[in-house]
Amino acid sequence: MATTTWLESLNPAQRQAVDHGDGPLAVIAGAGTGKTKTLASRVARLVERGVPPERILLLTFTRRATHEMLTRASRLIGADIGGKVWGGTFHSVANRLLRTYGEALGLPPSFTVVDQDDSVDLFNLVRSEAGLGERGRRFPRKDTLASIYSRMVNAQEPLRQVLKRDFPWCAAEADAIAEVFGGYIERKRAQHLLDFDDLLLFWHAAATEPDLGPIIAERFEHVLVDEYQDTNAIQAEIVRAMRATNTNVMVVGDDAQAIYSFRAADPEHILRFPDQFEGTTLVVLEQNYRSTAPILAASNDVIAKARRRYSKELFTDRTEGQRPELVTCMTEQDQSDAVCDAVLAHREEGIELREQAVLFRTGHHSDLLEIELGRRNIPFVKYGGLKFLEAAHVKDLMALLRIADNPYDEPAWFRTLTMLEGVGPANARRVMAAVGVRPRAEGDGPSPILRLAEAAEDAPPLLHDELAGLAAALGDCAVEPAPPPSTQVERLAEFLTPIVARRYDSPDVRLGDLEALAAAASGFASRSRFITELVLDPAAHTGDLAQPPHLDDDFLTLSTVHSAKGGEWRAVHVIQAADGMFPSDMATRDADGVDEERRLFYVALTRAIDHLHVYFPMRYYHYRERRDDLHGYAPITRFLPPATQALFDQRQVGVVATEDNAPRPGLVTAAAAKVDAGISALLGG
DNA sequence: GGCATGTGTATTTTT
DNA sequence: TACACATGCC
Numbered sequence: 001m002a003t004t005t006w007l008e009s010l011n012p013a014q015r016q017a018v019d020h021g022d023g024p025l026a027v028i029a030g031a032g033t034g035k036t037k038t039l040a041s042r043v044a045r046l047v048e049r050g051v052p053p054e055r056i057l058l059l060t061f062t063r064r065a066t067h068e069m070l071t072r073a074s075r076l077i078g079a080d081i082g083g084k085v086w087g088g089t090f091h092s093v094a095n096r097l098l099r100t101y102g103e104a105l106g107l108p109p110s111f112t113v114v115d116q117d118d119s120v121d122l123f124n125l126v127r128s129e130a131g132l133g134e135r136g137r138r139f140p141r142k143d144t145l146a147s148i149y150s151r152m153v154n155a156q157e158p159l160r161q162v163l164k165r166d167f168p169w170c171a172a173e174a175d176a177i178a179e180v181f182g183g184y185i186e187r188k189r190a191q192h193l194l195d196f197d198d199l200l201l202f203w204h205a206a207a208t209e210p211d212l213g214p215i216i217a218e219r220f221e222h223v224l225v226d227e228y229q230d231t232n233a234i235q236a237e238i239v240r241a242m243r244a245t246n247t248n249v250m251v252v253g254d255d256a257q258a259i260y261s262f263r264a265a266d267p268e269h270i271l272r273f274p275d276q277f278e279g280t281t282l283v284v285l286e287q288n289y290r291s292t293a294p295i296l297a298a299s300n301d302v303i304a305k306a307r308r309r310y311s312k313e314l315f316t317d318r319t320e321g322q323r324p325e326l327v328t329c330m331t332e333q334d335q336s337d338a339v340c341d342a343v344l345a346h347r348e349e350g351i352e353l354r355e356q357a358v359l360f361r362t363g364h365h366s367d368l369l370e371i372e373l374g375r376r377n378i379p380f381v382k383y384g385g386l387k388f389l390e391a392a393h394v395k396d397l398m399a400l401l402r403i404a405d406n407p408y409d410e411p412a413w414f415r416t417l418t419m420l421e422g423v424g425p426a427n428a429r430r431v432m433a434a435v436g437v438r439p440r441a442e443g444d445g446p447s448p449i450l451r452l453a454e455a456a457e458d459a460p461p462l463l464h465d466e467l468a469g470l471a472a473a474l475g476d477c478a479v480e481p482a483p484p485p486s487t488q489v490e491r492l493a494e495f496l497t498p499i500v501a502r503r504y505d506s507p508d509v510r511l512g513d514l515e516a517l518a519a520a521a522s523g524f525a526s527r528s529r530f531i532t533e534l535v536l537d538p539a540a541h542t543g544d545l546a547q548p549p550h551l552d553d554d555f556l557t558l559s560t561v562h563s564a565k566g567g568e569w570r571a572v573h574v575i576q577a578a579d580g581m582f583p584s585d586m587a588t589r590d591a592d593g594v595d596e597e598r599r600l601f602y603v604a605l606t607r608a609i610d611h612l613h614v615y616f617p618m619r620y621y622h623y624r625e626r627r628d629d630l631h632g633y634a635p636i637t638r639f640l641p642p643a644t645q646a647l648f649d650q651r652q653v654g655v656v657a658t659e660d661n662a663p664r665p666g667l668v669t670a671a672a673a674k675v676d677a678g679i680s681a682l683l684g685g
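End of the first sequence sits at 685 in my numbering; the numbers just go up one at a time, nothing left out.
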């Protein structure tokens, strides 16, 4: 396509960003204002101007986003630059750079990247060995330790400050927490493990090193960062350090869509970007090309009530269109029925399933709907929630593979050993000590895998067979030259089969997953590439690895709002719009939390192109699994007060609010008082 | 006494 | 799903 043609399809603001010369550029891009198009065009324009693609660094939030932008850019200039541009998430780019430059920083050439689950496991090992797990002591649990640590690192804030503000109930234990962190760090180093935070920290360290930093920065003539409102302090500093040699940097984002503060992201970074880079050109994109005017009006009304935001008002030319719909349902089952009906009705009108999405606050909010979709044979894929890699049996296999790859990987050993029969935490520790995993054997003697076979000989009879079987399986994978990754996965799956059968229900499905894993491994050149890839870009769902959905398959998208970021669909169904679910009552402790939930709700609404439906189930059950009828009535989400509801068409499903069954506040209070008095009498009060 | 294993209960969002 | 806690084996 000739340059002039595609440049003309940009509006003046987009064009200003795309045509910007050198120097810092910040683009505040509202929802649906052509952010992806602008970034892709900018990449294309740079290449046209003669910047070699491999000297462009494009940082995005997901693999999917990178792929889409580079595909679009390639199409614009009529040449495939997808494999040349350095594109990816902060974490995957860090991994790539550190495989090259890490050794100069003292990193072992073949480190193992561990995901959050593994990092939590390692915290647990340190915590329990330090004797801090005793009963009665109010010491933070492993997940809490991991979040404190991660926040400290990502926000670059001193431990005590983090504790005081975000975890006040742990403040008294600051010294012990610092000690656990020390142990955690020491073990990661000894075992050649890098967690997600380390990837950023070491990249930052490399980029700020006086000798090495400029070499790395110089690799790139231009740096572009997407979703900048969701970067945290360490990422912002990395971007700064990467521009030590010039100031060619473009950041794009929308403070109204900042939804990752739990990961220490702070929209202040995009708002203060012009202070960081002197002479920044600021471009604001306000024309929305995605949604109809009625949908935009409702979305604008929701976000207008946020406390702090960069002032901008989205507008659209698409003045035609249906008003969004608010569907009040009596029960969650009514909601599931209503969603299925609406989805099928849209399909009748010619909107395919792939052009529709159901969005929700948390992974399990779609449980009941998934059952109904199954019953009606409506195919779907789910993003967010439990991922393929988080399924227990998949983690089991990955632990085995990781030992083969890095025989000093303690969390992998611990997981592997404790899945053997008769081995609990204590025995696992003994074995790890015997084979020299920890403390790491002096002078890198025989590999712990080899020593495991010897240890098996000395073990009591019951343990012997278990350990010998494990040693054999690992040994087959750790030989030189290494068998192909898929062969290794198959060998380990064989070892794992009886264990899966013994420990889990529906073993057939799980064994099928392991086969899928072996098939996926066959596409990789090496075992360590495969492991790293899976950790940094986990398959979104079980079917993802097994059978990438064919282009001609039609399926509905189910997604958490977080995972739906950047997406758009002709029809969007937002479910569970009840206060306590959306906003999640976990997040409503303070005003900042509520604000973030509001932005999240805004993100959900702004995904819609033509049709928007919001569903509010009135009645919720206290215990999902139980058969009893304990239920309560939830109020509608606080983000849809009456004034906002007026922008919606309203409809009711199920038996809603007749005179007989409507909750009557006075009656409810009186009944509760009566019940409480009865119980209090039973207690003798 | 130390340890593995069974049982009941509460669950946010992700690189 | 995974945790805390209880039970019961060696």
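Note that the Cβ used here is the ideal one computed from N, Cα and C, for glycine as well. Small disclaimer: the values here were computed from a predicted structure and weren't measured.
Excluding sequence positions up to five before and after R127, its CB lies within less than 7 Å of the CB of G133, K142, L145 and V180, all in the same chain and listed in chain order. By the neighbour-count criterion, in which 16 or more other beta carbons inside 10 Å mark a residue as buried, Q161 falls on the exposed side. F601 and V27 have their C-alpha atoms roughly 23 Å apart. In the DSSP assignment, L600 falls within the alpha helix (DSSP H) that extends over A591 to L605. Annotation: the continuous beta strand (DSSP E) that includes R570 extends over W569 to V574. Here P24 is near T247, since their CB atoms are less than 8 Å apart. Here I449 is buried. Its C-beta has 16 or more other C-beta atoms within 10 Å.
Going by beta carbons, A306 and A236 fall outside the 8 Å limit. A direct Cα-to-Cα measurement between D513 and D254 gives close to 39 Å.
Taking C-beta atoms as the reference points, T560 and F360 count as a pair closer than 8 Å.
Looking from the CA of P460, the closest CA among N427, M419 and Y260 belongs to N427.
Around the beta carbon of T33, 16 or more other beta carbons lie within 10 angstroms, which makes this residue buried.
Looking at H464, Q356 and T38, the one whose alpha-carbon comes closest to that of V381 is Q356. Straight across, the Cα-Cα distance linking L122 with R415 is about 10 Å. Residue nearest to D554 within the set P484, D115, V343 and V249 is V343 (criterion: CA-CA distance).
Boundaries of the alpha helix (DSSP H) around K142: K142 to A155. Proximity to A577 across E348, E349, P538 and T328 peaks at T328, based on C-alpha coordinates. Between G78 and L70 a beta carbon distance of about 14 Å is seen, past the 8 Å cut, so the two are scored as non-contacting.
Judged by beta-carbon spacing, M330 lies beyond the 8 Å limit of R638, meaning their Cβ atoms are not closer than that value. Runs of the alpha helix (DSSP H) lying entirely within the region 323-364, each at least 4 residues long, are 332-348 in chain order. When the beta-carbon positions are compared, I575 and H365 come within less than 8 Å of each other.
For L25, the beta-bridge partners assigned by DSSP are M250 and T281. Contact check for A13 and V283: beta-carbon distance about 6 Å, within the 8 Å limit, so the pair qualifies. Counting along the chain, W86 sits inside the beta strand (DSSP E) bounded by residues W86 to T89.
Below 8 Å, too few C-beta pairs join the region 365-375 and the region 345-354 to call them touching: fewer than three. Secondary structure within the region 399-447: not one fully enclosed beta strand (DSSP E) run of 3 or more consecutive residues is present. The continuous alpha helix (DSSP H) containing H562 extends over residues V561 to A564.
Of E227, G422, L314 and A392, the smallest CA-CA separation from L271 is found for E227. Of all C-beta pairs linking the region 208-222 to the region 54-70, three or more are shorter than 8 Å, placing the two stretches in contact.
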